[in-house]
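Residue numbers (this note's numbering): 372 to 789.
Note sheet for the following structure.
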């Protein structure tokens, strides 16, 4: 039934489409390219990349709940999603003009900054469709399938880049033609595979057509009144705080994953891309595997189990020194990252009333970004202060542990959309 439903499959394919951006721009290819070939040196580049991520996270944290309230008030969520999709695609397209020169570092960081905003704001509206398109009792499974599609979409795009454009020798020579080919490819991938969502996912048209300014002001009022109702959902608030902490750890892990691989364990660009491919394979498998367990074990238990394994693996990697140990313990990380993200989204989709779904997913985005500037900033600070990237790895472990401890204190949650 799942694979025969055109609307559900179109929703899942948007995850396939947009995952090309974080996989190839944030985590692996462009981040490593920036550190090794654009920044003045790897230490300064790591600090600059961390600061840019922190500023983007602050913008997303502040504006996501506001955009969610405006959308719930005025409607037309697909139009909002389309706008932010084009913001991300346009930013990635312009990254193709960046050359391996430190004088272009600021321009590169600005473009990635706007790409992140387009991606993250778009996810607020995309996630809010989950409870609308998912049949009763299948929210967790469909969320898991969406994340699985996303990881395999990232894998497919990364594999094609690895085989078609990004030969290790060309990148080691600092050849700008590689990035000039890779970034437009990522933009085209996002555009092409997002089309089914905009064509086939249905949205109820508002009965009253509101103008932009009244919609904006009404959304702001809606946003302010919404926070006064949160005290009625104290367990949801506790979950969102826990999610805020462990999401910060995940964001930092993915932000600096390629950088750690290249600098601490001395992987070249080709090996970093191969590691990214393997991580996406394990993450996709994990998302699909745990999607079947979400409705039986419950989303909270799936998150706790996955966090426990993730903490253990990160701790082992912190003490590891050999490249062999990095491959052995690093690749399984993806298997537990996927279920954490999918089950977190499913848990909120179950709890949030449908008429308030975009507001709650705006707060969900807020909880994933409100403190996420701390992770990259602390990694950047620790790297510069100690002169060693390994010092920043402990920041990731700390946020994962704190998130685990707080989530374990969350009691029984009221479910609206089981």
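In this text, a Cβ means the ideal position worked out from N, Cα and C, and glycines have one as well.
Backbone CA spacing between residue 454 and residue 687 [nearest angstrom]: Rounded to whole angstroms, residue 454 and residue 687 show a C-alpha spacing of 42 Å.
By the three-class DSSP mapping on this structure, what secondary structure does residue 522 have? In the three-state reduction of the DSSP assignment, residue 522 falls in the helix class.
Round the Cβ separation of residue 419 and residue 432 to the nearest angstrom and send it over; I've been treating them as touching at under 8 Å. Residue 432 and residue 419 do not touch by the CB rule: their CB atoms are close to 21 Å apart, not below 8 Å.
Burial state of residue 389 (16 or more Cβ within 10 Å): Classified as buried, residue 389 has 16 or more neighbouring CB atoms from the shown chains inside 10 Å of its CB.
Which of the three DSSP states, helix, strand or coil, is assigned to residue 634? Residue 634: helix per DSSP, three-state reduction.
What are the start and end residues of the alpha helix (DSSP H) that includes residue 574? Counting along the chain, residue 574 falls outside any alpha helix (DSSP H), and DSSP gives it neither H nor E.
Where residue 682 and residue 575 are concerned, what is the direct C-alpha to C-alpha distance, given to the nearest angstrom? Rounded to whole angstroms, the gap between the alpha carbons of residue 682 and residue 575 is 42 Å.
Distance, Cα to Cα, residue 476 vs residue 551? Residue 476 and residue 551 have their C-alpha atoms spaced approximately 16 Å apart.
Who are the Cβ neighbours of residue 763 in its own chain at under 6 Å, not counting the five residues just before and after it? Residues of the same chain with a CB within less than 6 Å of the CB of residue 763, apart from the 5 flanking positions on each side, are 750, 753 and 754 in chain order.
Using a threshold of 8 Å, state whether the C-beta atoms of residue 554 and residue 463 are closer than that. In contact: residue 554 and residue 463 (Cβ atoms closer than 8 Å).
Within the continuous alpha helix (DSSP H) that includes residue 764, where are the two ends? Where residue 764 is concerned, the enclosing alpha helix (DSSP H) stretches over 764-778.
Which whole-angstrom value is the C-beta distance of residue 655 and residue 771, which I expect to be below 8 Å? With 8 Å as the limit, residue 655 and residue 771 do not qualify as a contact, their Cβ atoms being about 21 Å apart.
Let me check understanding here. Comparing Cα to Cα, which of 661, 766 and 474 lies closest to residue 616? Answer by Cα proximity: 766.
Taking 6 Å as the limit between beta carbons, can you name the residues of its chain near residue 435, skipping five residues before and five after? Counting only Cβ-Cβ distances below 6 Å, and skipping sequence neighbours, we find 495, 733, 736 and 737.
How long is the line joining the alpha carbons of residue 498 and residue 526, rounded to whole angstroms? Near 21 Å, if we compare the C-alpha coordinates of residue 526 and residue 498.
With 16 other CB atoms within 10 Å as the buried threshold, where does residue 634 fall? Buried: at least 16 other Cβ atoms inside 10 Å.
Based on Cα-Cα distance, which residue from 571, 776 and 760 lies nearest to residue 629? In this structure, 760 is the residue among 571, 776 and 760 with its C-alpha nearest to the C-alpha of residue 629.
Could you give the distance in angstroms between the alpha-carbon of residue 472 and the alpha-carbon of residue 674? When rounded, the separation of the alpha-carbon atoms in residue 472 and residue 674 is 42 Å.
My understanding is that residue 383 touches residue 520, with C-beta atoms under 8 Å, so please give their C-beta distance in whole angstroms. Confirmed, Cβ separation roughly 4 Å.
C-beta contact flag for residue 623 and residue 746 at 8 Å: For residue 623 and residue 746, yes; Cβs fall inside 8 Å.
Does residue 780 pass the burial test, meaning 16 or more other C-beta atoms within 10 Å, or should it be called exposed? Classification for residue 780: exposed.
Using only alpha-carbon positions, find the residue among 626, 607, 705 and 613 that is nearest to residue 775. Just measuring C-alpha positions, the residue of 626, 607, 705 and 613 sitting nearest residue 775 is 613.
According to DSSP, is residue 447 helix, strand or coil? Reduced to three states, the DSSP call for residue 447 is coil.
Rounded to a whole number of angstroms, what is the C-alpha to C-alpha distance between residue 412 and residue 758? Cα-Cα distance, rounded: 12 Å.
Relative to the alpha-carbon of residue 778, which residue among 729, 721, 720 and 711 has its alpha-carbon at the smallest distance? For residue 778, the nearest C-alpha among the options comes from 711.
Could you compute how far the alpha carbon of residue 394 sits from the alpha carbon of residue 664? In this structure, the straight-line span from the alpha carbon of residue 394 to that of residue 664 is close to 26 Å.
Under a three-way DSSP split, which group does residue 691 fall into? Here residue 691 sits in coil by DSSP.
Chain-order list of residues whose beta-carbon lies under 7 Å from that of residue 768 (same chain, five-residue window excluded): Residues of the same chain with a CB within less than 7 Å of the CB of residue 768, apart from the 5 flanking positions on each side, are 682, 685, 686 and 689 in chain order.
Pairwise C-alpha distance: residue 428 and residue 470: Each residue's alpha carbon lies about 26 Å from the other.
In angstroms, rounded to a whole number, what distance separates the CA positions of residue 422 and residue 701? Whole-angstrom Cα-Cα distance: 25 Å.
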